[in-house]
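Each residue of the sequence shown is one higher than the one before, counting from 0 in numbering that gives the first Met the number 0.
All residues carry an ideal CB built from backbone N, CA and C; glycine is no exception.
Owing to the predicted nature of the structure, the values given are computational and were not obtained by experimental measurement.
First comes the structure, then the notes that go with it.
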Amino acid sequence: MTTQEAVRRLPVPPKPRRPRVLLGAGVLIAALVVVHVIAWDATEFSPGALADGWTGMAGFLSEAIPPDLSWDVLGPSLEGALVTLWIGLLGTTLSVPFALVLALLAARGTTPSGWIYQAARSLLSFLRAVPEVVFALIFVTAVGLGPFPGVLALVFHNVGVMGKLWAEAIEDADPGPALAVRSTGASRTQVATHALLPLVTPQLFGLLLYRFDVNVRSSLVLGLVGAGGIGFLINQSIKLFRFDQMLTHILVVLVLIVLVDQLSALVRRRLGSGS
0 MTTQEAVRRL PVPPKPRRPR VLLGAGVLIA ALVVVHVIAW DATEFSPGAL ADGWTGMAGF
60 LSEAIPPDLS WDVLGPSLEG ALVTLWIGLL GTTLSVPFAL VLALLAARGT TPSGWIYQAA
120 RSLLSFLRAV PEVVFALIFV TAVGLGPFPG VLALVFHNVG VMGKLWAEAI EDADPGPALA
180 VRSTGASRTQ VATHALLPLV TPQLFGLLLY RFDVNVRSSL VLGLVGAGGI GFLINQSIKL
240 FRFDQMLTHI LVVLVLIVLV DQLSALVRRR LGSGS
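This is the structure in structure tokens:
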């Protein structure tokens, strides 16, 4: 058989189903358009209303600018910013042991059984689904106003979020070291302690820093519902129509967020260079 005959007998690749692909893309685009039209109507989205409200916005800005930078306002603002930072810090660090235990139970390579895996996953989903503000409102009614309910709210919600992220990081880890340790007859706890956790520690720490950034921002919102910090001062300024004081608190928040971002980036760089 000649080469040309062999080439002729090769299977002919099927032609691409271009019309079907175009039809599917068209249906998808049409569905997205319909969904956005429904969302536009349901949210009463109106650029015209925003344009008509420029006078109110101009009046608001005229009352807010310039900010009140007197020490009577700036001093409590700095103190509130520190409280907000402490709320975010404790809300992150106090959730670490609970998130780590649930992450190990919710990872397939370290969970003792299937039903424990499902139970841990369900608990993490519940804690993650309930917003921090809802937890804060619950704890404010239980223990009163102040930073303490804010810390509790962040701990509960952060356990759900960080536990889920850590469980996925453990599941995505290289199975080689874990298999090597397991072949020696080690238990699941020993495999997690000596093989998996040392392997994923840099990733877990990076996720922890990310959650710290998020929690500092969330603690600001929690102050609006009575959980202390500078968010509480912003809420008070708005209620008293002291928008110049509100702008001062917002500027302090801006400085706080920038400093936290820079600190987290520095720690991540050091961690990356060390590894």
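Cutoff 7 Å; reference Gly162; Cβ partners in own chain excluding five residues on either side: Position 163 of the sequence shown, counted from the start, is the residue given in the question as residue 162. Once the five neighbours on either side are set aside, the close Cβ partners of Gly162 are Ala98, Leu101, Ala102, Ala105, Leu123.
Collapsed DSSP secondary structure at Gly228 in the structure displayed: On the sequence shown, residue 228 is found 229 positions in, with the first residue counted as 1. Coil at Gly228, not helix or strand.
For Thr200 and Arg267, the rounded distance between their alpha carbons: The residue labelled residue 267 in the question sits at position 268 within the sequence shown. The residue labelled residue 200 in the question sits at position 201 within the sequence shown. One C-alpha to the other measures close to 13 Å.
Whole runs of the alpha helix (DSSP H) within the stretch 75–124, excluding any shorter than 4 residues: 95–104
Proximal residues to Pro75 (C-beta, below 7 Å), its chain only, five neighbours per side dropped: If you number the sequence shown from 1, residue 75 lands on position 76. Counting only Cβ-Cβ distances below 7 Å, and skipping sequence neighbours, we find Leu232.
Span separating the alpha-carbon of Leu239 from that of Val132: Along the sequence shown, one-based indexing puts residue 239 at 240. Along the sequence shown, one-based indexing puts residue 132 at 133. Their backbone Cα atoms lie some 23 Å apart in a straight line.
Range covered by the alpha helix (DSSP H) that runs through Phe137: Translated into positions along the sequence shown, residue 137 becomes position 138. Here residue 137 turns out to be Ile, not Phe, going by the sequence shown. Run containing Ile137: 131–142, per the alpha helix (DSSP H) assignment.
Boundaries of the alpha helix (DSSP H) in which Ile169 is found, first to last residue: Indexing the sequence shown from 1 puts residue 169 at position 170. That run of the alpha helix (DSSP H) goes 146–170.
Of the residues Gln261, Ile249, Ser263, the one placed nearest Leu67, counting alpha carbons only: Looking up residue 67 in the sequence shown gives position 68. With the sequence shown as reference, residue 67 is identified as Asp, and Leu is not the correct amino acid for it. Ranking Gln261, Ile249, Ser263 by Cα distance to Asp67 puts Ile249 first.
Expected contact under 8 Å - CB spacing of Val251 and Ile229 to nearest Å: In the sequence shown, residue 251 corresponds to position 252, counting from 1. In the sequence shown, residue 229 corresponds to position 230, counting from 1. Contact holds; Cβ gap of about 6 Å.
8 Å contact criterion, which Val150 and Gly90 should meet: CB distance rounded: The residue you call residue 150 lines up with position 151 of the sequence shown. The residue you call residue 90 lines up with position 91 of the sequence shown. At roughly 5 Å, the Cβ-Cβ gap stays under 8 Å, so Val150 and Gly90 are in contact.
Assigned secondary structure, Leu43 (DSSP; H/G/I helix, E/B strand, else coil): Residue numbering aside, residue 43 sits at position 44 when the sequence shown is read from its first letter. The displayed chain sequence assigns Glu, not Leu, to residue 43. Reduced to three states, the DSSP call for Glu43 is coil.
Rounded straight-line distance, which links the Cα of Gly55 to that of Phe211: Within the sequence shown, the letter at position 212 stands for residue 211. Within the sequence shown, the letter at position 56 stands for residue 55. Near 36 Å, if we compare the C-alpha coordinates of Gly55 and Phe211.
DSSP three-state assignment for Leu223, whether helix, strand or coil: Translated into the one-based positions of the sequence shown, residue 223 becomes position 224. Residue state, collapsed to three classes: coil.
CA-to-CA distance, His156 to Ala57, given in whole angstroms: Within the sequence shown, residue 57 is the residue found at index 58, counting from 1. Within the sequence shown, residue 156 is the residue found at index 157, counting from 1. Cα to Cα, the separation comes out at about 38 Å.
Buried versus exposed, by CB contacts within 10 Å (16 or more), Val6: The residue labelled residue 6 in the question sits at position 7 within the sequence shown. Note that Val6 scores a pLDDT of 49, beneath 50, so its modelled location is shaky; the value from the coordinates is reported in the next line. Answer is exposed; the Cβ neighbour count stays below 16.
Buried or exposed by the 16-neighbour rule on C-beta atoms within 10 Å, applied to Gln261: For the purposes of this step, residue 261 is taken as residue 262 along the sequence shown, with counting starting at 1. Counting Cβ neighbours within 10 Å, Gln261 comes out exposed, since fewer than 16 surround it.
Collapsed DSSP secondary structure at Gly52 in the structure displayed: By one-based count along the sequence shown, residue 52 stands at place 53. Three-state DSSP puts Gly52 in coil, outside helix and strand.
Cβ-based neighbour list, Met245, same chain, cut-off 7 Å, excluding 5 preceding and 5 following: Mapped onto the sequence shown, residue 245 falls at position 246. Only Ala63, Ile233, Ser236, Ile237 meet the Cβ criterion.
Contacting residues, own chain, Cβ-Cβ under 6 Å from Leu207 (five flanking each side not counted): As a first step, residue 207 is located in the sequence shown; it is residue number 208 there, counting from the start. Closer than 6 Å at Cβ, skipping near neighbours: no residue.
Heavy atom of the ligand FMN within 7 Å of Leu88 beta-carbon: What this structure holds is no ligand at all, so the ligand FMN is not there to describe.
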